[in-house]
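Numbering follows UniProt numbering, with no gaps: position 65 of the sequence shown is 65.
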Amino acid sequence: MKNSINSRKIGVTELEVTSLGFGAAPIGDLFQKLAEPEAESILNAAWNSGIRYFDTAPFYGHGKSELRVGQFLRQKDRDEFVLSTKVGRVLRAPKDPANFKSDFWIDAIFDFQFDYTYDGVMRSFEDSLQRLGLNRIDVLLIHDLDPWFHGPDVFNAYFGQLLSGGYQALQDLKNSGAIRAFGAGVNLPGTIPKFLDSMDLDLFIVAMPYTLLDQGALDSEFPRCADRSVGIVIGSPFASGILATGPIEGAVYGYKPASPEIMEKTCRIASVCKKHGVSLRSAAMQFPLAHPIVAAIIPGSIKPEYLPTNRDDFIREIPSGLWDELRKDGLIREDAPTP
Numbered sequence: 001m002k003n004s005i006n007s008r009k010i011g012v013t014e015l016e017v018t019s020l021g022f023g024a025a026p027i028g029d030l031f032q033k034l035a036e037p038e039a040e041s042i043l044n045a046a047w048n049s050g051i052r053y054f055d056t057a058p059f060y061g062h063g064k065s066e067l068r069v070g071q072f073l074r075q076k077d078r079d080e081f082v083l084s085t086k087v088g089r090v091l092r093a094p095k096d097p098a099n100f101k102s103d104f105w106i107d108a109i110f111d112f113q114f115d116y117t118y119d120g121v122m123r124s125f126e127d128s129l130q131r132l133g134l135n136r137i138d139v140l141l142i143h144d145l146d147p148w149f150h151g152p153d154v155f156n157a158y159f160g161q162l163l164s165g166g167y168q169a170l171q172d173l174k175n176s177g178a179i180r181a182f183g184a185g186v187n188l189p190g191t192i193p194k195f196l197d198s199m200d201l202d203l204f205i206v207a208m209p210y211t212l213l214d215q216g217a218l219d220s221e222f223p224r225c226a227d228r229s230v231g232i233v234i235g236s237p238f239a240s241g242i243l244a245t246g247p248i249e250g251a252v253y254g255y256k257p258a259s260p261e262i263m264e265k266t267c268r269i270a271s272v273c274k275k276h277g278v279s280l281r282s283a284a285m286q287f288p289l290a291h292p293i294v295a296a297i298i299p300g301s302i303k304p305e306y307l308p309t310n311r312d313d314f315i316r317e318i319p320s321g322l323w324d325e326l327r328k329d330g331l332i333r334e335d336a337p338t339p
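Right, dumping it as structure tokens:
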């Protein structure tokens, strides 16, 4: 077993992140409310597991995740960790506070408006600094700007906002030294080319396009990123659930119930893993990092005891025969790099 989490550079930037990071959406009370000590214990467990890359966003808990991440990281040496957050939403008081409810976040008290303009990006950045209580953010990501989230027409309108203003704001922040890198978060395949055709970015955080179940990004998106020296962070190595839980009843894939085809494929992958004495979680975490442009994976957690398990799964040695068998059985692509 390897005994540590290594660090990797993001693209051609000088920014190094631990290859296992922490996605802080769950500590924004995503579907489940956490008491403050619970949230702190989760972050402590991440830190004690060797994680030094933390990713949050204004949207996560409508500010709550940033507040909790900042409260925790303020106790650490600022040069010991890398922090990313996101732009594209500006938080504001709801019009009817007494009746305001968020779709996903328990007891969120702020509403938001999408804003990818120059002023909107700058406002979001300054607001994040204040919520975090830190004077530096390492990475800013353009958040949820894709057709899957907005629909084609609204996406095009917001993308126009970004091109006419928000992109310049990100460049200005980087050129001034306020941030060290910027990029975009992508939920599903197909959006990366739109960004690469229009602007220069340092990285993408991708949720679904590259996992043990999906390697479509190898066709054109990852090669284009490699040609442009754009780094990749994998936001959902468990394919939004099923690669962590296994093919159980109610398993989630791509943010919705897994189809019979995905359940069957996951069963076959899990069977190969079991044959080689490897957990499905371990294979799912290590697989994406074999691609040379992938710098990190950033799974989240709602319980502190999951973090040491994640770390152990992440650093456990996997026999090459497992990958050979998955490839031979057509369960991963022939051209997919493996550890």
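Every residue gets a Cβ at the ideal spot worked out from N, C-alpha and C, and that includes glycine.
> Cα separation between R333 and R327?
Replying inline: Residue mapping note: residue 333 aligns to position 333 of the sequence shown, counting from 1. Residue mapping note: residue 327 aligns to position 327 of the sequence shown, counting from 1. Rounded to the nearest angstrom, the two C-alpha atoms are 6 Å apart.
>> Just list the residues that DSSP pairs V278 with in beta bridges.
In response: Locating residue 278 in the sequence shown gives position 278, counting from the first residue. According to the DSSP secondary-structure assignment, V278 is paired through a beta bridge with no residue.
> Do the stretch 260-272 and the stretch 172-179 touch if we need at least three Cβ pairs shorter than 8 Å?
Replying inline: No contact exists between the stretch 260-272 and the stretch 172-179.
>> When you measure from the CB of P299 to every non-hydrogen atom of the ligand FMN, does any distance come out below 7 Å?
In response: No copy of the ligand FMN occurs in the structure displayed, which carries no ligand at all.
> Cα separation between D96 and H62?
Replying inline: By one-based count along the sequence shown, residue 96 stands at place 96. By one-based count along the sequence shown, residue 62 stands at place 62. Computed Cα separation, rounded: 16 Å.
>> Can you list, in chain order, the residues of its chain with a C-beta nearer than 7 Å to that of D324? Leave out the 5 residues immediately preceding and following it.
In response: In the sequence shown, residue 324 corresponds to position 324, counting from 1. Nothing meets the Cβ criterion.
> Alpha carbon to alpha carbon, how far is R8 from A283?
Replying inline: One-based indexing of the sequence shown puts residue 8 at position 8. One-based indexing of the sequence shown puts residue 283 at position 283. Going from the Cα of R8 to the Cα of A283 covers about 19 Å.
> Three or more beta-carbon pairs under 8 Å between the stretch 202-214 and the stretch 115-124, yes or no?
Replying inline: Contact fails: fewer than three Cβ-Cβ distances are below 8 Å.
> Alpha carbon to alpha carbon, what distance is there between L331 and T245?
Replying inline: Residue mapping note: residue 245 aligns to position 245 of the sequence shown, counting from 1. Residue mapping note: residue 331 aligns to position 331 of the sequence shown, counting from 1. Here the C-alpha atom of T245 lies approximately 18 Å from the C-alpha atom of L331.
>> Please state the DSSP three-state secondary structure of R180.
In response: Position 180 of the sequence shown, counted from the first residue, corresponds to residue 180. In this structure, DSSP gives R180 a state outside helix and strand, which the three-state scheme calls coil.
> Is it right to say L43 is buried, meaning 16 or more other beta carbons lie within 10 angstroms of its own, or is it exposed?
Replying inline: Position 43 of the sequence shown, counting from 1, holds the residue named residue 43. Residue environment for L43: buried (at least 16 other C-beta atoms within 10 angstroms of its C-beta).
>> Measuring straight from C-alpha to C-alpha, what distance separates A108 and T56?
In response: Translated into positions along the sequence shown, residue 108 becomes position 108. Translated into positions along the sequence shown, residue 56 becomes position 56. Going by the C-alpha atoms only, they are around 16 Å apart.
> If you count every other CB in all the chains shown that lies within 10 Å of the CB of A35, and 16 or more means buried, which is it?
Replying inline: By 1-based counting over the sequence shown, the position of residue 35 is 35. Under this definition A35 is an exposed residue.
> Can you list the beta strand (DSSP E) stretches of 3 or more residues lying completely in the stretch 61-141, in chain order?
Replying inline: Taking 3 residues as the minimum length, the beta strand (DSSP E) runs contained wholly in the stretch 61-141 are 82-87, 89-92, 111-114, in order along the chain.
> Counting along the chain, where does the beta strand (DSSP E) carrying E16 start and finish?
Replying inline: As a first step, residue 16 is located in the sequence shown; it is residue number 16 there, counting from the start. Where E16 is concerned, the enclosing beta strand (DSSP E) stretches over 16-18.
> Going by alpha carbons, who is nearest to E16 out of A207, F81, H150, A98?
Replying inline: In the sequence shown, the residue the question calls residue 16 occupies position 16. When each option's Cα is compared against that of E16, the closest is F81.
>> Using the Cβ count rule (16 or more neighbours within 10 Å means buried), how would you classify K64?
In response: To locate residue 64, count along the sequence shown from 1; it is residue 64. Label assigned to K64: buried.
> DSSP state of M1, grouped into three classes?
Replying inline: As a working note, residue 1 is residue 1 in the sequence shown. Here M1 scores only 44 on pLDDT, less than 50, and its place in the model is too uncertain to base an answer on.
> Using the beta-carbon count (16 or more within 10 Å), is M1 buried or exposed?
Replying inline: As a first step, residue 1 must be located in the sequence shown, where it is residue number 1. With a pLDDT of 44 at M1, under the threshold of 50, the modelled position of this residue cannot be trusted, and the question is left open.
> Short check: CB of G23 to CB of R74, under 8 Å?
Replying inline: Residue numbering aside, residue 23 sits at position 23 when the sequence shown is read from its first letter. Residue numbering aside, residue 74 sits at position 74 when the sequence shown is read from its first letter. No. Outside cutoff.
>> Let's see if you can read the secondary structure: which residues bound the beta strand (DSSP E) around Y53?
In response: As a working mapping, residue 53 is identified with position 53 in the sequence shown. Y53 -> beta strand (DSSP E) spans 53-55.
> How far does the alpha helix (DSSP H) with S198 in it reach, from first residue to last?
Replying inline: For the purposes of this step, residue 198 is identified with residue 198 of the sequence shown, where counting begins at 1. Segment 192-198, the alpha helix (DSSP H) holding S198.
> Mapping DSSP to helix, strand and coil, what is R8?
Replying inline: Here the question's residue 8 lines up with position 8 in the sequence shown. It is a strand residue.
> Looking at S49 and L307, is the spacing between their C-beta atoms short of 8 Å?
Replying inline: On the sequence shown, position 307 is the one that residue 307 refers to. On the sequence shown, position 49 is the one that residue 49 refers to. Yes, they are a contact pair.
>> Within the continuous beta strand (DSSP E) that includes F222, where are the two ends?
In response: Residue 222 sits at position 222 when you count from the first residue of the sequence shown. Taken as a continuous stretch (DSSP letters only), F222 belongs to no beta strand (DSSP E), being part of the alpha helix (DSSP H) at 221-227.
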